[in-house]
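J.:
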Amino acid sequence: MVSSLEPVTSAKADVDTVETRAIDPIEKDDFVQTIQDAQVATSKEHSMSVWKGIKLYPKAIGWSVLLSSAIIMEGYDVVLMSSFYAMDPFNKKYGQLQPDGSYSLTAAWQAGLSNAMNVGQILGLFMTGFISERLGYRKTMLSALAAVTAFIFVLFFAPNLPALCAGEILMGIPLGVFQTLTVTYASEVCPVVLRCYLTTYVNLCWVMGQLIASGVLRGLVTRSDEWAYRIPFAIQWIWPIPIMVGVFLAPESPWWLVRQGREKDAVAALKRLTSKSDTDFNADETVAMMIHTNELEKEIEQGTTYLDCFKGVDLRRTEVVCFTWAAQNLCGAGIMGYSTYFYTQAGLATENAFNMSLGQYALGFCGTVFSWYLMAHLGRRTLYVGGLAILFILLIAIGFTSLAGNHNTAASWATGSLLLVYTFFYDSTVGPVCYSLVSELSSTRLRAKTIVLARNLYNIFSIVNGVIIPYMLNPTAWNWRGKAGFFWAGLCFICVAWAYFRLPEPKGRTYGELDVLFQQGVSARKFKETPVDPFEHDIHEKKEKFDE
Numbered sequence: 004m005v006s007s008l009e010p011v012t013s014a015k016a017d018v019d020t021v022e023t024r025a026i027d028p029i030e031k032d033d034f035v036q037t038i039q040d041a042q043v044a045t046s047k048e049h050s051m052s053v054w055k056g057i058k059l060y061p062k063a064i065g066w067s068v069l070l071s072s073a074i075i076m077e078g079y080d081v082v083l084m085s086s087f088y089a090m091d092p093f094n095k096k097y098g099q100l101q102p103d104g105s106y107s108l109t110a111a112w113q114a115g116l117s118n119a120m121n122v123g124q125i126l127g128l129f130m131t132g133f134i135s136e137r138l139g140y141r142k143t144m145l146s147a148l149a150a151v152t153a154f155i156f157v158l159f160f161a162p163n164l165p166a167l168c169a170g171e172i173l174m175g176i177p178l179g180v181f182q183t184l185t186v187t188y189a190s191e192v193c194p195v196v197l198r199c200y201l202t203t204y205v206n207l208c209w210v211m212g213q214l215i216a217s218g219v220l221r222g223l224v225t226r227s228d229e230w231a232y233r234i235p236f237a238i239q240w241i242w243p244i245p246i247m248v249g250v251f252l253a254p255e256s257p258w259w260l261v262r263q264g265r266e267k268d269a270v271a272a273l274k275r276l277t278s279k280s281d282t283d284f285n286a287d288e289t290v291a292m293m294i295h296t297n298e299l300e301k302e303i304e305q306g307t308t309y310l311d312c313f314k315g316v317d318l319r320r321t322e323v324v325c326f327t328w329a330a331q332n333l334c335g336a337g338i339m340g341y342s343t344y345f346y347t348q349a350g351l352a353t354e355n356a357f358n359m360s361l362g363q364y365a366l367g368f369c370g371t372v373f374s375w376y377l378m379a380h381l382g383r384r385t386l387y388v389g390g391l392a393i394l395f396i397l398l399i400a401i402g403f404t405s406l407a408g409n410h411n412t413a414a415s416w417a418t419g420s421l422l423l424v425y426t427f428f429y430d431s432t433v434g435p436v437c438y439s440l441v442s443e444l445s446s447t448r449l450r451a452k453t454i455v456l457a458r459n460l461y462n463i464f465s466i467v468n469g470v471i472i473p474y475m476l477n478p479t480a481w482n483w484r485g486k487a488g489f490f491w492a493g494l495c496f497i498c499v500a501w502a503y504f505r506l507p508e509p510k511g512r513t514y515g516e517l518d519v520l521f522q523q524g525v526s527a528r529k530f531k532e533t534p535v536d537p538f539e540h541d542i543h544e545k546k547e548k549f550d551e
């Protein structure tokens with residue numbers, strides 16, 4: 004590789020200890036060599052097996068797993084608030100006395116609390132799109148983790164509903180940061196063969212958070228004092244500090260460093276992400292592939308603003324990524340977040356409802372792990388479209404089962420059991436595969452901003468769900484109970500149709516190859532079999548464009 008891509012000599016290995024000044028652009032006489040090195044690296048990526056990827060990138064796997072664990076906090080908090088609606092001490096503290104002598108929050112306040120975090124996440128996501136490109140992923144993550152530590156105090160000591168709502172909004176801001184950067188970092192520190200595993204691990208962290216929250220709540224369900232809901236809030240202080248230490252020590256994304264013109268730092272970061280035992284690996288060649296992809300995308304679309312996500316080829320990529328994530332909220336998955344409340348409204352006793360929720364998230368954990376096997380054999384598109392079709396059938400079944408009424412014990416257990424099956428299939432298909440798709444189908448230069456837009460569309464639909472689902476389930480409002488399955492089945496069918504015609508298959512493709520497929524306007528259903536060579540253009544033509 005050319006000398007301009009040699010590692011920087013430094014007393015420490017961390018890329019933050021190497022020179023932070025921008026590296027001069029590659030000399031034009033070296034660009035031909037850069038393309039040749041990029042071709043070699045691309046060939047190695049295609050021939051790499053999963054096991055070889057694990058042996059070569061063990062550090063990248065470790066750092067990615069560590070940063071992704073921040074999502075555990077979001078999964079935990081999402082389940083927490085919706086499950087509190089089925090907890091008597093919480094309802095007595097914040098709810099209103101009902102005619103039957105019980106306490107309950109109004110559907111309006113349930114919707115408000117559920118949506119408060121989504122509002123905060125929208126703010127946090129947009130902020131991340133600007134801040135992360137300027138400061139890098141690590142510094143942005145560290146700031147968000149510090150904010151989480153402070154905002155938990157607001158939730159823990161909230162004296163009334165307005166204060167609790169404010170705490171949820173504030174908490175949502177750093178969680179919005181985690182939603183973007185965890186999946187972006189995972190997709191940028193690993194090779195093609197490991198991308199689907201590390202990006203979908205983010206979903207596993209989400210499920211782990213839900214599972215932990217369900218276990219904590221089940222253990223406290225018999226308490227009748229305020230600590231029944233204060234202890235779950237306090238447990239959130241466990242995560243931020245250990246993760247902050249790990250993020251501080253982690254290397255920066257080499258793709259981000261390349262976009263900043265810091266090629267030498269990118270090589271240094273890549274060496275920290277890989278094993279030194281593989282003599283066939285050349286960090287210079289891999290960084291050359293990143294440089295080539297970055298230049299290829301600059302030829303297609305120059306800008307890196309939010310507006311550029313809606314221009315030219317990137318408009319299609321933005322549409323696909325946004326609706327891939329939005330479909331998670333349109334296919335009925337929102338009911339899972341209200342599962343404990345759903346079970347009680349379906350006729351199950353409170354303790355049985357918490358038991359069912361615990362089992363539900365355990366199945367979600369198993370489903371996500373199972374998805375790794377399915378993705379390796381079926382690909383992303385097949386798994387996503389097929390998963391939506393299965394969820395459609397299950398939602399129809401939930402709707403019909405609920406017609407027996409909530410006083411029918413057998414029907415209540417059948418409805419609950421179908422939701423468990425729904426959870427398993429969701430977390431085997433749509434849930435985890437989405438994270439892989441959104442990180443792979445966005446361009447590298449606009450990835451963070453595209454993911455921000457996609458997650459914010461998801462959050463907008465979450466706000467809508469946060470309004471209508473409490474009304475669907477609340478006995479003082481619409482009181483649909485399990486019959487809500489019919490409503491979500493209709494939306495899920497629309498998602499199936501969209502995914503079949505619009506969702507491409509990125510399995511086995513490098514980011515440069517995906518760029519060319521989108522640029523050529525290849526049909527989503529033909530992505531898998533269409534041959535493509537990102538180096539097919541004349542080297543001298545590329546060299547001239549690079550010089551401009």
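Using this note's numbering, the first residue of the sequence shown is number 4, and each one after it goes up by one. Yeah, the Cβ is synthetic: ideal placement off N, Cα and C, and Gly gets one too.
Buried or exposed for residue 482, please, with buried defined as at least 16 other CB atoms from any protein chain shown within 10 angstroms of its CB.
T.: exposed
J.: Taking 9 angstroms as the threshold (C-beta atoms), are residue 451 and residue 135 in contact?
T.: yes
J.: Per the DSSP calculation, residue 107 is bridged to which residue(s)?
T.: 99
J.: Is it true that the region 107 to 123 meets the region 79 to 98, where meeting means three or more beta-carbon pairs spaced less than 8 angstroms apart?
T.: yes
J.: Return the Cβ separation of residue 336 and residue 464 in integer angstroms, given the expectation that the two are a contact with Cβ distance under 8 angstroms.
T.: Between residue 464 and residue 336 the Cβ distance is about 10 angstroms, and since that is not below 8 angstroms, they are no contact.
J.: What do you reckon, is the C-beta of residue 137 under 8 angstroms from a heavy atom of the ligand MG?
T.: No copy of the ligand MG occurs in the structure displayed, which carries no ligand at all.
J.: Once DSSP output is grouped into helix, strand and coil, what is the label at residue 450?
T.: helix
J.: Hey, out of 270, 310, 338 and 244, whose CA is closest to residue 148's CA?
T.: 244
J.: Take every Cβ of the region 166 to 184, pair it with every Cβ of the region 489 to 501, and state whether three or more of those distances are shorter than 8 angstroms.
T.: The region 166 to 184 is not in contact with the region 489 to 501.
J.: Taking C-alpha atoms, which residue in 51, 98 and 419 lies nearest to residue 345?
T.: 419
J.: Residue 186 to residue 480, Cα distance in whole Å?
T.: 38 angstroms
J.: Whole angstroms are fine: how far does the CA of residue 287 sit from the CA of residue 563?
T.: Outside the displayed span of the chain (4 to 551) sits residue 563, for which this structure offers no information.
J.: Could you tell me the distance, in whole angstroms, from the CA atom of residue 156 to the CA atom of residue 256?
T.: Taking the straight line joining both Cα atoms gives about 32 angstroms.
J.: Counting only the same chain and skipping the five closest in sequence on each side, list residues whose C-beta sits under 6 angstroms from that of residue 434.
T.: 206
J.: Taking the alpha carbon of residue 259 as the reference point, which residue from 76, 294, 278 and 233 has its own alpha carbon closest?
T.: Answer by Cα proximity: 294.
J.: Alpha carbon to alpha carbon, how far is residue 95 from residue 493?
T.: Rounded to whole angstroms, the gap between the alpha carbons of residue 95 and residue 493 is 37 angstroms.
J.: Hey, residue 210 and residue 327: beta-carbon distance below 9 angstroms or not?
T.: no
J.: Tell me, to the nearest whole angstrom, how far the beta carbon of residue 469 is from that of residue 163; I am working on the premise that it is less than 8 angstroms.
T.: That belief does not hold up - the Cβ atoms of residue 469 and residue 163 are roughly 20 angstroms apart, past 8 angstroms.
J.: Residue 64 and residue 74 look like a contact to me (Cβ under 8 angstroms); what is the Cβ gap, rounded to whole Å?
T.: Actually they are not in contact, since the Cβ atoms of residue 64 and residue 74 sit about 16 angstroms apart, beyond 8 angstroms.
J.: For residue 240, which of 380, 151, 426 and 261 has the nearest alpha-carbon?
T.: 151
J.: Helix, strand or coil: which one does DSSP assign to residue 526?
T.: coil
J.: By the DSSP assignment, the alpha helix (DSSP H) with residue 244 in it spans what residues?
T.: 243 to 252
J.: Determine the direct distance from the alpha carbon of residue 297 to that of residue 510, and round the result to whole angstroms.
T.: A straight line joining the alpha-carbon of residue 510 with that of residue 297 spans about 20 angstroms.
J.: Do the CB positions of residue 443 and residue 387 come within less than 9 angstroms of each other?
T.: no
J.: Give me the Cα-Cα distance between residue 319 and residue 456, rounded to the nearest whole angstrom.
T.: 13 angstroms
J.: Rounded to a whole number of angstroms, what is the C-alpha to C-alpha distance between residue 306 and residue 226?
T.: 56 angstroms
J.: Would residue 507 and residue 519 qualify as a contact pair, given that the criterion is a beta-carbon distance under 9 angstroms?
T.: no
J.: Taking residue 52 as the reference, which of 194, 79, 458 and 353 has the closest Cα?
T.: 194
J.: Around the Cβ of residue 396, are there at least 16 other Cβ atoms within 10 angstroms (buried) or fewer (exposed)?
T.: exposed
J.: For a test of the three-state rule: what should DSSP assign to residue 320, helix, strand or coil?
T.: helix
J.: Are the Cβ atoms of residue 189 and residue 173 separated by less than 9 angstroms?
T.: Not in contact: residue 189 and residue 173 (Cβ atoms no closer than 9 angstroms).
J.: Secondary structure at residue 344, three-state DSSP: helix, strand or coil?
T.: Helix, per DSSP.
J.: How long is the line joining the alpha carbons of residue 477 and residue 484, rounded to whole angstroms?
T.: 8 angstroms
J.: Excluding the five sequence neighbours on either side, which residues of its own chain have a C-beta within less than 7 angstroms of the C-beta of residue 313, listed in chain order?
T.: 321.
J.: Just the C-alpha distance for residue 224 and residue 489, rounded to the nearest angstrom, thanks.
T.: 31 angstroms
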